[in-house]
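What follows is one structure encoded as structure tokens, with my remarks underneath.
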Amino acid sequence: MSDSANTAGAPRPAAPMRRFRRSLTRRVLTRFIVAIVLYTIVVFVGLFVSVLVCAAINWDYMNPVYRLLQWISSYLPLVVIVVLAAGYVVLFLHYWARTLSYLEDIVSATEQIYRSGDDPISLPDDLHEVEVQMNRIKTDMLASRLAAQEADKRKNDLVVYLAHDLKTPLTSVIGYLTLLRDERDISPELREHYLSVALDKAERLEDLINEFFDITRFSLTSLTLELKTVSLSRMLEQTADEFAPLLAEKGLACRVLAPPDVSITCDPDKLERVFDNLLRNAINYSYEDTDITVTLAVDGDTAHLSFTNEGDDIPRHKLERIFEQFYRLDSSRGSRTGGAGLGLAIAKEIVELHGGSISAESADGRITFRVSLPLHP
-19 MSDSANTAGA
-9 PRPAAPMRRF
1 RRSLTRRVLT
11 RFIVAIVLYT
21 IVVFVGLFVS
31 VLVCAAINWD
41 YMNPVYRLLQ
51 WISSYLPLVV
61 IVVLAAGYVV
71 LFLHYWARTL
81 SYLEDIVSAT
91 EQIYRSGDDP
101 ISLPDDLHEV
111 EVQMNRIKTD
121 MLASRLAAQE
131 ADKRKNDLVV
141 YLAHDLKTPL
151 TSVIGYLTLL
161 RDERDISPEL
171 REHYLSVALD
181 KAERLEDLIN
191 EFFDITRFSL
201 TSLTLELKTV
211 SLSRMLEQTA
221 DEFAPLLAEK
231 GLACRVLAPP
241 DVSITCDPDK
251 LERVFDNLLR
261 NAINYSYEDT
271 DITVTLAVDG
281 DTAHLSFTNE
291 GDDIPRHKLE
301 RIFEQFYRLD
311 SSRGSRTGGA
321 GLGLAIAKEI
331 VELHGGSISA
341 ESADGRITFR
351 VSLPLHP
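In structure tokens:
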């Protein structure tokens, strides 16, 4: 992905820039007002002292200083207005020039945010606060850009391998169906074997096609919620029941420990997808002949769920990235467990859309996913 593409897709710091502008305006305006007040005080004090000096000292009438002070005293209001106006104009022009200089520095720094490179932004001391915020924005944008590039690379790699692997099960299905058509006198046992292999490969083909659809939907659409009030307890039990065939294949058992009749306002179809992804993940990475435990506890207006299975510990570096899109725990291309790496990323997005949170932990041969959801958002 090019830098220009990254820049176009990067979020513009509109809100921080508004804060910079307000902060700069307040800073310059405050200093301008303080300068005006101090200048006004100095002018009046100076004139007052001049009048006192003129009155206190017995000047020679021809003394030029005396004559100047006398003239000032005679036209005091006019003198005050002229001196103040001239000073105000000078101060205004000074701070206006300084403001333009600040704006030029900020514009230059803003352009530097979108340029490649790790060089920090440097601004005058008066703009230290702005400098800190801009450097923070640049750091965040660089991190987001790198994450987007990595996610895009993972996605492209997955599309390539999925497209390649579509051929393998399709070739097997065609081959075994051809054998069934051409070999009329095969034994029932062999026919059953051919049909079983063809069905298994067809199911694998369906999984790969579904992964393509997941990638397309995740890339091109944003999730929206259609809220209804349903029984969370019943939803968990139904989801577990639907996995009975997959559980039986590995000798697994799924226990749902939930109080009865816990209601939740949610998008049931999308929340069911979260539970489906978490249970499917637990089945894929469980030891054979072990239990998967789903628990539900209610604390006030929050439901706390956990999905626990026994399996190999997930390394910390993988655990920290497990909810990233297109990130796969199992990088083996031939693995039935290594999907497109979207299941947990989509689950996280759905949970957060509901105002909840999701996390994962792994230790001592146990893997647990924890979900917290408001019962009535």
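Note that my numbering gives residue -18 to position 2 of the sequence shown, counting from 1, and the numbers run on in steps of one. Ideal Cβ placement from N, Cα and C applies to all residues, glycine included.
Member of Ile263, Phe223 and Leu9 whose CA lies at the smallest distance from the CA of Trp76: Locating residue 76 in the sequence shown gives position 96, counting from the first residue. When only C-alpha atoms are compared, the closest one is Leu9.
Member of Lys181, Ile166, Ser176 and Asn136 whose CA lies at the smallest distance from the CA of Ser152: For this step, residue 152 is matched to residue 172 along the sequence shown. When only C-alpha atoms are compared, the closest one is Lys181.
Assumed close pair Ile263, Phe223 - CB separation to whole angstroms, cut-off 8 Å: One-based indexing of the sequence shown puts residue 263 at position 283. One-based indexing of the sequence shown puts residue 223 at position 243. Correct: roughly 7 Å between the Cβ atoms.
For Pro149, the three-state DSSP class (helix, strand or coil): On the sequence shown, residue 149 is found 169 positions in, with the first residue counted as 1. Note: Pro149 maps to helix in three-state DSSP.
Cβ shell of Ser315 (< 6 Å), same chain only, five flanking positions each side left out: Start at 1 with the first residue of the sequence shown, and residue 315 comes out as number 335. Confidence at Ser315 is low in this model, with a pLDDT of 43, below 50, so its placement is unreliable and no value can be given for it.
For Phe362, three-class secondary structure by DSSP: Not covered by the structure: residue 362. The range shown for the chain is -19 to 357.
Alpha carbon of Val63 to alpha carbon of Val87, nearest angstrom: For this step, residue 63 is matched to residue 83 along the sequence shown. For this step, residue 87 is matched to residue 107 along the sequence shown. Each residue's Cα considered, the two are about 36 Å apart.
Local conformation of Leu285 per DSSP, three classes: Counting from one through the sequence shown, the residue named residue 285 turns up at place 305. Secondary structure of Leu285 (DSSP, three-state): strand.
Candidates Val274, Ile338 and Pro239: closest to Ile304 by CA position: Numbered from its first residue, the sequence shown carries residue 304 at position 324. As written in the sequence, residue 304 is Glu, which differs from the Ile given in the question. Comparing alpha carbon positions, the residue from Val274, Ile338 and Pro239 closest to Glu304 is Ile338.
Cα-Cα separation between Pro446 and Glu186, rounded to whole angstroms: This structure does not reach residue 446, given that the chain is present from -19 up to 357, and the question cannot be answered.
Where Glu300 falls, given that 16 or more other Cβ within 10 Å makes a residue buried: Locating residue 300 in the sequence shown gives position 320, counting from the first residue. Taking all protein chains in view, the Cβ of Glu300 is surrounded by fewer than 16 other Cβ atoms within 10 Å, so the residue is classified as exposed.
Rounded straight-line distance, which links the Cα of Ile326 to that of Lys298: As a working mapping, residue 298 is identified with position 318 in the sequence shown. As a working mapping, residue 326 is identified with position 346 in the sequence shown. Going by the C-alpha atoms only, they are around 17 Å apart.
Buried or exposed (CB count within 10 angstroms, at least 16 for buried), Lys230: Indexing the sequence shown from 1 puts residue 230 at position 250. Exposed is the call here.
Residues that Asp271 bridges to, as DSSP identifies them: The sequence position of residue 271 within the sequence shown is 291, counting from 1. Answer by DSSP bridge pairing, in chain order: Ala233.
Cβ separation of Leu259 and Ala220, assumed to be a contact under 8 Å, to the nearest whole Å: The residue given as residue 259 occupies position 279 in the sequence shown. The residue given as residue 220 occupies position 240 in the sequence shown. Leu259 to Ala220, Cβ: 7 Å. Contact.
For Val351, the first and last residue of its enclosing beta strand (DSSP E): Residue mapping note: residue 351 aligns to position 371 of the sequence shown, counting from 1. Val351 -> beta strand (DSSP E) spans Arg346 to Pro354.
Own chain residues within Cβ distance below 7 Å of His356, not counting five before or after: Within the sequence shown, numbered from 1, the residue matching residue 356 stands at position 376. Excluding five sequence positions before and after His356, the CB atoms of its chain that fall closer than 7 Å to its own CB belong to Thr245 and Asp281, given in chain order.
Proximal residues to Leu237 (C-beta, below 6 Å), its chain only, five neighbours per side dropped: On the sequence shown, position 257 is the one that residue 237 refers to. Scanning its chain for C-beta atoms nearer than 6 Å, with the 5 sequence neighbours on each side dropped, one finds around Leu237 the residues Thr275, in chain order.
Distance between Asp256 and Glu206 (C-alpha atoms, nearest Å): Here residue 206 corresponds to residue number 226 of the sequence shown, with the count starting at 1. Here residue 256 corresponds to residue number 276 of the sequence shown, with the count starting at 1. In a straight line, the C-alpha of Glu206 is about 18 Å away from that of Asp256.
DSSP-derived helix/strand/coil call for Pro242: Sequence index remark: in the sequence shown, residue 242 carries index 262 (1-based). The question names Pro, but residue 242 in the sequence shown is Val. It is coil, neither helix nor strand.
Pairwise C-alpha distance: Arg214 and Ser234: Position 254 of the sequence shown holds residue 234. Position 234 of the sequence shown holds residue 214. It should be noted that the sequence gives Cys, not Ser, for residue 234. When the Cα atoms are used, Cys234 and Arg214 turn out to be separated by approximately 15 Å.
Host beta strand (DSSP E) of Ser342 (start-end): For the purposes of this step, residue 342 is taken as the residue at position 362 of the sequence shown. Ser342: member of the beta strand (DSSP E) spanning Ser337 to Ala343, first to last residue.
Reduced DSSP category for Glu362 - H, G, I as helix; E, B as strand; rest coil: Residue numbering for the chain in the displayed model covers -19 to 357; residue 362 lies beyond these limits and cannot be assessed.
Residue of Tyr156, Glu329 and Ala123 minimising C-alpha distance to Arg253: By 1-based counting over the sequence shown, the position of residue 253 is 273. Among Tyr156, Glu329 and Ala123, the Cα nearest to that of Arg253 belongs to Glu329.
Extent of the continuous alpha helix (DSSP H) run through Thr219: For this step, residue 219 is matched to residue 239 along the sequence shown. That run of the alpha helix (DSSP H) goes Leu212 to Glu222.
Buried or exposed by the 16-neighbour rule on C-beta atoms within 10 Å, applied to His334: As a working mapping, residue 334 is identified with position 354 in the sequence shown. Burial is judged here by how many other beta carbons sit within 10 angstroms of a residue's own beta carbon; His334 has at least 16 and is buried.
Selected residue, minimal CA-CA separation from Val331, among Val351, Glu341 and Gly291: As a first step, residue 331 is located in the sequence shown; it is residue number 351 there, counting from the start. When each option's Cα is compared against that of Val331, the closest is Val351.
For Asp85, the three-state DSSP class (helix, strand or coil): Taking the first residue of the sequence shown as position 1, residue 85 is located at position 105. Helix, per DSSP.
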